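In full-length UniProt numbering, the protein residues as written are 1 to 412.
Using N, Cα and C, we set each Cβ at its ideal position, and we do this for glycine too.
Bear in mind that the values here come from a model prediction, so they are computed numbers and not experimental data.
Down below is the structure, laid out as structure tokens.
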Amino acid sequence: MTHGPGEVVITGVGLAVPGASTPDALLRRTACPVTGPDPEPFDTAARIGRRGHRYKDRATRLALCAALEALRDADLLPSDGESDRPADGPADAPSDSPSDRETVTVPGDTVGVVASSNLGNLDTACLTTTAIAERSAVDLSPMSLPNASSNVIASWVAIRHGLRGPNLMLCNGPTSGLDAVHWGAALVAAGRVRRVVVVGAETHNAVVEDLLGRSAGELLDGAAALVVEGARWAEARGARGVAALGPYERRAGLTGCVEALLPDAAAPGVWFTPERYAEGPAGAVPVPRAVPRYDVTGAVGRASGALGVLQCVAAVGWLARAAATTGAEPVESAERVESAEPVESDARAGSGTAFGAGPGSARDPVPVSRQALITSGDDTADAVAGLLLRPTPDRSHPHPARAPLISMECSR
């Protein structure tokens with residue numbers, strides 16, 4: 001099958017949140033919040049090992065756990081027992097202990113990282129500035145000081161896995177997670193890289209609790225990650241997408257954002273609402289009331305910069321469940337809209353970029369009723385982002401996969 005140059009799919013997902021290890025588990029917890037004692041905090045050492053903790057703050061460790069799981073899910077890491085062991089590691093280290101560096105099986109410069117976290121290293125930054133103000137910079141540890149950098153999460157994900165593509169860190173308020181997904185897909189659609197690890201992470205601590213005026217129990221301590229990849233590159237290496245990215249919008253208000261994504265008042269199959277969204281009166285809600293709603297923050301806590309990535313992971317779970325329960329036809333044989341003209345690929349924010357479209361591809365081949373609408377942001381702060389997530393079509397292989405290309409060809 002021929003893919004448009006802008007077609008972007010999700011080939012891997014990862015979670016590092018208490019009580020939910022898979023997209024379906026996150027969806028179930030969102031639909032039916034668990035009562036009783038809160039689940040135990042996520043044990044990062046069980047996934048990345050004690051050595052992976054060295055000189056890293058909690059948010060970074062959570063992000064590393066989610067990214068590792070997403071890369072494994074996308075089949076971009078060697079199978080167990082084949083990962084690289086650092087040269088300075090002890091010779092008698094257990095064979096099942098995670099190494100400090102697990103490099104990907106594709107060229108590192110074909111993989112980028114986009115991370116989102118508004119509050120992740122706030123405690124480190126505040127404690128560092130306080131120590132300097134009250135005592136002296138001499139009191140600071142040179143090993144912990146890099147954690148005060150705003151891009152520490154994105155940097156450590158890249159360092160651990162040898163990812164040498166573009167490396168971005170977003171701290172963009174309530175829309176930051178969806179913005180990160182958008183910019184990761186934009187890098188792929190533009191041909192800058194073939195795939196991007198998108199990760200969102202937040203944690204709670206005394207500094208965050210004081211700033212937000214909320215208790216730890218109300219705040220997320222976790223991370224989520226996606227691997228977004230060009231569909232043709234995924235197919236060439238034999239990977240199957242679990243979802244396809246549709247249009248993205250960034251508008252001043254929720255209603256305008258939804259109307260831009262769903263013209264003619266079309267009803268999506270599901271709506272992942274903004275954080276703690278309060279329904280308005282009849283006629284004021286931009287999505288029909290019959291559409292199921294999910295607010296993932298009810299299950300995991302207020303998620304800030306990680307929200308959009310968490311919503312995408314939960315939407316992957318919904319798409320898989322919908323496909324299993326409805327026995328839907330392959331997307332390629334689904335009813336198409338009247339217009340099948342190609343659309344331009346535009347990677348600018350707020351432009352309604354349709355990453356699933358490209359020259360020679362049909363516009364919106366998937367009925368809206370089978371798509372997941374994801375929105376995040378504050379309707380009162382002129383910042384709302386929205387994204388449509390779609391099921392992936394069944395792929396046929398009439399021609400053999402093309403030979404691997406050198407990484408520099410990604411820039412063309």
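Exercise. In whole angstroms, what separates the C-alpha of Ala284 from that of Leu254?
Worked result: If you draw a straight line from the Cα of Ala284 to the Cα of Leu254, it is about 11 Å long.
Problem set entry | Of the listed residues Glu69, Asp24, Ser141 and Thr380, nearest to Val157 (C-alpha basis) | Ranked by how close their Cα comes to the Cα of Val157, the residues Glu69, Asp24, Ser141 and Thr380 have Glu69 in first place.
Problem set entry | Per-residue burial, Ser176 [other beta carbons within 10 Å of its own, 16 or more giving buried] | Under this definition Ser176 is a buried residue.
For this session: Let me know the secondary structure DSSP gives Ala314 once reduced to three states.
Result: It is helical.
Exercise. Taking all protein chains shown into account, do 16 or more other C-beta atoms lie within 10 angstroms of the C-beta of Asp221, making it buried, or fewer, making it exposed?
Worked result: Answer is buried; the Cβ neighbour count reaches 16.
For this session: Taking Asp378 as part of the beta strand (DSSP E), name the residues at either end of that continuous run.
Result: Taken as a continuous stretch (DSSP letters only), the beta strand (DSSP E) holding Asp378 covers Ala372 to Asp378.
Exercise. Using the C-alpha atoms, what's the distance from Leu307 back to Pro98?
Worked result: Any answer about Pro98 is weak, because its pLDDT of 44 lies below 50 and its placement is not dependable; what the coordinates show is given next. The C-alpha of Leu307 is placed about 28 Å away from the C-alpha of Pro98.
Problem set entry | Status (buried if at least 16 other CB within 10 Å, exposed otherwise) for Tyr55 | So Tyr55 counts as exposed.
Problem set entry | Reference Ile153, options Asn172, Ser117, His161 and Cys126, closest by Cα | If we check each option's Cα against that of Ile153, Ser117 comes out closest.
For this session: Kindly list the residues whose CB is nearer than 7 Å to the CB of Glu279, restricted to its own chain and excluding five residues on each side of it in sequence; keep chain order.
Result: Taken in chain order, the residues that qualify are Val285.
For this session: Buried or exposed for Leu77, please, with buried defined as at least 16 other CB atoms from any protein chain shown within 10 angstroms of its CB.
Result: Classification of Leu77: buried, given that the 10 Å Cβ count is 16 or more.
Problem set entry | Spatially closest choice to Ala385 from Val309, Pro37, Val313 and Ala322, by CA coordinates | The shortest Cα separation from Ala385 among Val309, Pro37, Val313 and Ala322 belongs to Val309.
Exercise. Can Cys312 and Leu388 be called in contact, C-beta distance under 8 Å?
Worked result: Cβ atoms of Cys312 and Leu388: not closer than 8 Å.
Exercise. My guess is that Ile48 and Leu64 are in contact by the Cβ rule of under 8 Å, so how many angstroms apart are they, rounded?
Worked result: Their Cβ separation, rounded to whole angstroms, is 5 Å, which keeps Ile48 and Leu64 in contact under 8 Å.
Problem set entry | Beta bridge counterpart(s) of Tyr294 as assigned by DSSP | Answer is Phe272, bridged to Tyr294.
Exercise. Between the Cα of Thr305 and the Cα atoms of Met169, Leu187 and Gly14, which residue gives the shortest distance?
Worked result: Looking at the sequence itself, residue 305 is Gly, so the reference to Thr does not match. Considering only Met169, Leu187 and Gly14, the residue with the shortest C-alpha distance to Gly305 is Met169.
Exercise. Does the count of Cβ pairs from the segment 8–16 and the segment 183–201 closer than 8 Å reach three?
Worked result: A contact exists between the segment 8–16 and the segment 183–201.
For this session: Please report how far the alpha carbon of Thr392 lies from the alpha carbon of Pro23, in whole angstroms.
Result: Between Thr392 and Pro23, the C-alpha separation is close to 16 Å.
Problem set entry | Span of the beta strand (DSSP E) around Thr11 | Taken as a continuous stretch (DSSP letters only), the beta strand (DSSP E) holding Thr11 covers Val8 to Ala16.
Problem set entry | Rounded distance between the beta-carbons of Asn167 and Val113, thought under 8 Å | Indeed, because the Cβ distance is near 5 Å, the residues count as touching under 8 Å.
Problem set entry | Contact set for Pro90: own chain, Cβ-Cβ below 7 Å, skip 5 residues either direction | Here the model assigns Pro90 a pLDDT of 39, short of 50, so the residue's position is not dependable and the matter cannot be decided.
Exercise. Can you give the Cα-Cα distance for Gly301 and Leu211, rounded to whole angstroms?
Worked result: Cα-Cα distance, rounded: 16 Å.
Problem set entry | Buried/exposed call for Ile374, threshold 16 Cβ in 10 Å | So Ile374 counts as buried.
Problem set entry | Residues of its chain near Ala164, where Cβ-Cβ distance is below 6 Å and the 5 sequence neighbours each way are ignored | The sequence shown places Arg at residue 164, not Ala. Cβ-Cβ distances below 6 Å link Arg164 to Gly108 and Asp109 in the same chain, with the five nearest sequence neighbours on each side left out; the list follows chain order.
For this session: Let me know if Ser141 comes out buried or exposed under the rule of 16 or more other beta-carbons within 10 Å of its beta-carbon.
Result: Ser141 should be labelled exposed.
Exercise. Can you give the beta carbon distance from Thr30 to Ala299, rounded, assuming they're within the 8 Å contact cut?
Worked result: That pair is a contact at about 5 Å.
Exercise. Among Glu102, Ser79, Glu40 and Ala323, which one has its Cα closest to the Cα of Arg51?
Worked result: When each option's Cα is compared against that of Arg51, the closest is Glu102.
Exercise. Cβ atoms of Ala322 and Gly269: under 8 Å apart, would you say?
Worked result: Yes. Within cutoff.
Exercise. Could you give the distance in angstroms between the alpha-carbon of Gly200 and the alpha-carbon of Arg58?
Worked result: One C-alpha to the other measures close to 13 Å.
Exercise. Secondary structure at Val384, three-state DSSP: helix, strand or coil?
Worked result: In the structure shown, Val384 sits in a strand (DSSP, three-state: E or B).
Problem set entry | Which of helix, strand or coil DSSP assigns to Gly191 | Residue state, collapsed to three classes: coil.
For this session: Using beta-carbon positions only, say whether Val242 and Val196 come within less than 8 Å of one another.
Result: Val242 places its beta carbon 8 Å or farther from that of Val196.
For this session: Going by CA-CA distance only, name the one from Ala234, Ala315, Ala231 and Asp378 that's closest to Pro274.
Result: Distances from the CA of Pro274 to each of Ala234, Ala315, Ala231 and Asp378 were compared; the closest alpha carbon is that of Asp378.
Exercise. When you compare only the Cα positions, how much space is there between Leu319 and Pro146?
Worked result: Cα-Cα distance, rounded: 39 Å.
Exercise. Which class does Asn151 belong to by DSSP, given the choice of helix, strand or coil?
Worked result: Three-state result, Asn151: coil.
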